[in-house]
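A short write-up of the structure that comes next.
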Amino acid sequence: MAVTILGICTAVAILVPLRSGIDVDTAALVLVVPVVLGVTVGGFPAAPVGVVAGFLAYDFFFIPPYYTFRVGATHHWVGLFVYAVVGLAVGGLVAQLQRARNDSEAREAEGRMLAELASTPAGEDAMEESLGRLVHLARRLLGLTGAAVVLAGDDSSLQVVAQEGITVSDLTLRHLAAHRPKGGFEEVAGSPGVWAAPLPVSVGTGGAVLVAHPASTSSGEPEARLLTVFAHQAGVAVDRARLAAESRRRRTLEEVDRLRSALVGSVSHDLRTPLASIKASVSDLADTAVELSDADRGMLLRTIEEETDRLSRFVTNLLDMSRIEAGALEVRPQATPLNELVDEVLHRSESVLQPRPVEVDIADLPLVDVDYFLVGQVLANLLENAGRYTPPGTLIRVTAAPIGRWVEVRVSDTGPGIPSAERGRIFDAFYRPSGDTGRDPSQGTGMGLAICAGVVAAHGGHIWTEPTPGGGATFVFRLPAVVARSEPPGPPPSVTTAGTGA
Amino acid sequence: MARLLVIDDEPAILRVVGTGLRARGHVVIPAATGEEGLSRAALDAPDVIVLDLGLPDLDGVEVCRRIRQWTETPIIVLSAHGSEARKVQALDHGADDFVTKPFGMPELEARIRVALRHRARQTPDQEPATVELGPLRIDFGGRRVEVDGRQAELTAREFDFLAFLARHPGKVVTHRVLLEQVWGPGYGTETHYLRVYANHLRKKIEADPAHPRLLRTSPGVGYQLVDPGDGAADGT
Numbered sequence: 001m002a003v004t005i006l007g008i009c010t011a012v013a014i015l016v017p018l019r020s021g022i023d024v025d026t027a028a029l030v031l032v033v034p035v036v037l038g039v040t041v042g043g044f045p046a047a048p049v050g051v052v053a054g055f056l057a058y059d060f061f062f063i064p065p066y067y068t069f070r071v072g073a074t075h076h077w078v079g080l081f082v083y084a085v086v087g088l089a090v091g092g093l094v095a096q097l098q099r100a101r102n103d104s105e106a107r108e109a110e111g112r113m114l115a116e117l118a119s120t121p122a123g124e125d126a127m128e129e130s131l132g133r134l135v136h137l138a139r140r141l142l143g144l145t146g147a148a149v150v151l152a153g154d155d156s157s158l159q160v161v162a163q164e165g166i167t168v169s170d171l172t173l174r175h176l177a178a179h180r181p182k183g184g185f186e187e188v189a190g191s192p193g194v195w196a197a198p199l200p201v202s203v204g205t206g207g208a209v210l211v212a213h214p215a216s217t218s219s220g221e222p223e224a225r226l227l228t229v230f231a232h233q234a235g236v237a238v239d240r241a242r243l244a245a246e247s248r249r250r251r252t253l254e255e256v257d258r259l260r261s262a263l264v265g266s267v268s269h270d271l272r273t274p275l276a277s278i279k280a281s282v283s284d285l286a287d288t289a290v291e292l293s294d295a296d297r298g299m300l301l302r303t304i305e306e307e308t309d310r311l312s313r314f315v316t317n318l319l320d321m322s323r324i325e326a327g328a329l330e331v332r333p334q335a336t337p338l339n340e341l342v343d344e345v346l347h348r349s350e351s352v353l354q355p356r357p358v359e360v361d362i363a364d365l366p367l368v369d370v371d372y373f374l375v376g377q378v379l380a381n382l383l384e385n386a387g388r389y390t391p392p393g394t395l396i397r398v399t400a401a402p403i404g405r406w407v408e409v410r411v412s413d414t415g416p417g418i419p420s421a422e423r424g425r426i427f428d429a430f431y432r433p434s435g436d437t438g439r440d441p442s443q444g445t446g447m448g449l450a451i452c453a454g455v456v457a458a459h460g461g462h463i464w465t466e467p468t469p470g471g472g473a474t475f476v477f478r479l480p481a482v483v484a485r486s487e488p489p490g491p492p493p494s495v496t497t498a499g500t501g502a
Numbered sequence: 503m504a505r506l507l508v509i510d511d512e513p514a515i516l517r518v519v520g521t522g523l524r525a526r527g528h529v530v531i532p533a534a535t536g537e538e539g540l541s542r543a544a545l546d547a548p549d550v551i552v553l554d555l556g557l558p559d560l561d562g563v564e565v566c567r568r569i570r571q572w573t574e575t576p577i578i579v580l581s582a583h584g585s586e587a588r589k590v591q592a593l594d595h596g597a598d599d600f601v602t603k604p605f606g607m608p609e610l611e612a613r614i615r616v617a618l619r620h621r622a623r624q625t626p627d628q629e630p631a632t633v634e635l636g637p638l639r640i641d642f643g644g645r646r647v648e649v650d651g652r653q654a655e656l657t658a659r660e661f662d663f664l665a666f667l668a669r670h671p672g673k674v675v676t677h678r679v680l681l682e683q684v685w686g687p688g689y690g691t692e693t694h695y696l697r698v699y700a701n702h703l704r705k706k707i708e709a710d711p712a713h714p715r716l717l718r719t720s721p722g723v724g725y726q727l728v729d730p731g732d733g734a735a736d737g738t
């Protein structure tokens, strides 16, 4: 408004000395300029003020007789009237334009906020985290004193999942539980200035979104829209987190299912095959109608023994496997001389290795801190594998060397080797090499290497496979060495650590 | 004494079955793979083939099918419990009988005896005019059935049912094959028909219909008409 008055004064000051040289109507045209300027700055209310002031100034300074408000000639009335109409019309138009520009600026700002709000709850992280981020952002963007999201549990009691700026009291929660907000934002009974809206979710139980305004004035239209978006985004974040959890759960279940069917396949074949041989042998021995030679009888008995051993090995594997899968493998480490362990296992594995020469090269080694029985089984499984997948006569080597705090054991053969594509997968439970139809009983159960990996991992080490130079497969695993004690052997150091028993 | 080809990839089974059958006076030809089995079947002309369905190189059903392309030598399949579908497949593709693992040697031997006897009966290529199975006498031409010399009154469908089984004595005929052959093409899943007709037939031909000795059921698989004199213990 000040701009208008100032503009009119300036215009008058410039035009009065030139009054004699210019037309009366020109003065009217010039006096429209301050009105337009005023409206541009001050909005439409400046228009009537400008028009009235301009009208008076025009009359007073430029319509003869000068310096009176009287209008001499009738045609000057026309000039004055036209000035008023033009001033008002132009003022109105300019004001409208200005309003439109302001609107679009506000809308743009709102759009930016919307976009920012909408892009928050990304990722698959925990629901609490994404809601926390959202609440923080909403508070900043919408200028709220506080914002919170509460979620109904399975027993339909409400719990705070995220809050910032306000602390949602148990009382408020009870109020909310009793009177769930139905539509848009409603003021929460007993908590003035706190507004709540339902949390729109499509999966599972709902909840509410709470906001606290700086002044508890009812919010304007664009702000209400943003609040709704905030509530929606909170709903989306909850949905997304729940769906992600659901899909994780499903993936786990699928994996369990795959393992289970592989297990059923493996068990039905590997349990049944030795059972069939045993039953056939026993029924033959028991049949009084047949006369068996001593050699036959001996062969049948031997078969029964071997097949029983096979069954027993399989059941042991199965139990170990389920312990490893359940994370319930009990490791009882003790200081163990590796060469003794290797000798014992080699002796045990003689039957599966023959006729294959075995070379052992175990240098001076520190003791290893391992479970004697379990690591023995790792070695036995690797040797059994070597015996199973290599042609008779293949050289098998067992070597070990200290590497830092570890002792690295290598079991290598010069057999057909493992295709590089399968190296990563052979340690998976029930994985069988390609080309193995799973029916050939001379092949494994698909558990041996998985057990090896489980046992070695339980000792803190790891196992992998690499090609033997010149062809063949090498299995390498690292076991923890017993940490060397500085004191000389003498009185045994007092045992303070658990787990050295057995 | 007979020449028996045993096809099984499991060395222990091959060894044990071989020993048991040899001790019972048979000549046993072992084969550890499907391919080896096929060539042994061609070269050694066995009287009966014992075939494990789970072979590493060839599917057992495929082995059945290939053998059936050129010989009617009876095939007894060894199948694991729970693989009924594959057993039925094998029977549909020409196998005669099955033994479920784990089995006893006397049972396997009895099945082999049944197969041998029916093979002896089938040897002439011409279809016989009559078949006798224990007390049962079936006259295909006259469409007459006698039990212990007394005529049994069968409906046309009952006779067709019995006659089809009697043309393949000792062979386990699957539901599908029976329905297709007796009821006609387009049938194949209506196993309840078979149950009803088998019941009616047993009342007319069995001495004790509750404990049939002639018309046997292989649950979930099919029916088998056997000579009670073969002594195959009903192990199923």
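So the sequences go chain by chain: U and D. Under the working numbering, think of the first position of the first sequence as 1, with each following residue one higher. Under the working numbering, think of the first position of the second sequence as 503, with each following residue one higher. Just so it is clear, CB atoms sit at the ideal spot from N, CA and C, and this is done for glycine as well.
- CA-to-CA, the gap between L329 (chain U) and R613 (chain D) works out to about 48 Å.
- Secondary structure in the segment 701-725 of chain D: the beta strand (DSSP E) runs of 3 residues or longer, each lying completely within the stretch, are 717-720 in chain order.
- Ranked by Cα distance from P467 (chain U), the options U:A421, U:V39 and U:G454 are led by U:A421.
- Counting only runs of 3+ residues, the beta strand (DSSP E) found wholly inside the segment 389-432 of chain U occupies 396-403 and 406-413, in chain order.
- Straight-line spacing of the CA atoms in I8 (chain U) and T68 (chain U) works out to 17 Å.
- Taking each of U:A234, U:V188 and U:G183 in turn and checking the Cα distance to L171 (chain U), the smallest one comes out for U:V188.
- K603 and P604: these are the residues of the segment 585-604 of chain D whose beta carbon lies less than 8 Å from some beta carbon of chain U, given in chain order.
- Taking a beta-carbon distance threshold of 9 Å, P532 (chain D) does not count as an interface residue toward chain U.
- For Y83 (chain U), the secondary structure class from DSSP, reduced to helix, strand or coil, is helix.
- Flagged as an interface residue toward chain D: I278 (chain U), by a C-beta distance shorter than 9 Å.
- In this structure, the CA atom of H179 (chain U) is about 14 Å from the CA atom of V150 (chain U).
- Using a CB distance below 7 Å, the part of the segment 521-549 of chain D facing chain U consists of T521, G522, A525 and R526, ordered along the chain.
- Collapsing the DSSP output to three states places E307 (chain U) in a helix.
- For V370 (chain U) against T316 (chain U), the beta-carbon gap comes to about 18 Å, at or over 8 Å, which does not count as contact.
- Taking a Cβ-Cβ threshold of 8 Å, the residues of chain U close to P608 (chain D) are S283, D287 and A289, in chain order.
- With its beta carbon less than 9 Å from one in chain U, I515 (chain D) belongs to the interface.
- By alpha-carbon distance to Y58 (chain U), the top candidate from U:G42, U:S293 and U:T26 is U:T26.
- Taking 9 Å as the threshold, the shortest C-beta distance from A582 (chain D) to chain U falls below it.
- Under the 10 Å beta carbon count, S541 (chain D) is surrounded by fewer than 16 other beta carbons and is classified as exposed.
- At least one C-beta of chain D is nearer than 9 Å to the C-beta of T273 (chain U).
- A241 (chain U) and M321 (chain U) do not touch by the CB rule: their CB atoms are close to 34 Å apart, not below 8 Å.
- Looking at D:T676, D:P608, D:T691 and D:W685, the one whose alpha-carbon comes closest to that of T288 (chain U) is D:P608.
- Within the DSSP secondary-structure output, D369 (chain U) pairs in a beta bridge with U:A335.
- For E307 (chain U), a Cβ of chain D is located within less than 9 Å of the residue's own Cβ.
- For L137 (chain U), the closest alpha carbon among the candidates U:V375, U:V229, U:Q98 and U:G184 is that of U:V229.
- A Cβ-Cβ separation of about 11 Å leaves I577 (chain D) out of contact with V601 (chain D) under the 8 Å criterion.
- Put simply, the CB of E512 (chain D) is near chain U, with a gap under 9 Å to one of its CB atoms.
- Under a 10 Å Cβ-count criterion, Q377 (chain U) is classified as buried, with 16 or more other Cβ atoms of the shown protein chains found around its own Cβ.
- In this structure the segment 464-481 of chain U does not lie against the segment 504-515 of chain D, because fewer than three pairs of beta carbons, one per stretch, are closer than 8 Å.
- CA-CA distance, L131 (chain U) to A429 (chain U), rounds to 39 Å.
- It is roughly 26 Å from the alpha-carbon of P48 (chain U) to the alpha-carbon of A106 (chain U).
- Taking a C-beta distance under 9 Å as the contact criterion, L618 (chain D) and L580 (chain D) do not qualify as a contact pair.
- Listed in chain order, the positions of the segment 672-689 of chain D with a beta carbon within less than 9 Å of a beta carbon of chain U would be empty, since no residue qualifies.
- Counting every other CB atom within 10 Å of its CB across the protein chains shown gives P357 (chain U) a total below 16, marking it as exposed.
- Taking a beta-carbon distance threshold of 9 Å, V519 (chain D) counts as an interface residue toward chain U.
- By the C-beta density criterion, A147 (chain U) is buried, having at least 16 other C-beta atoms within 10 angstroms.
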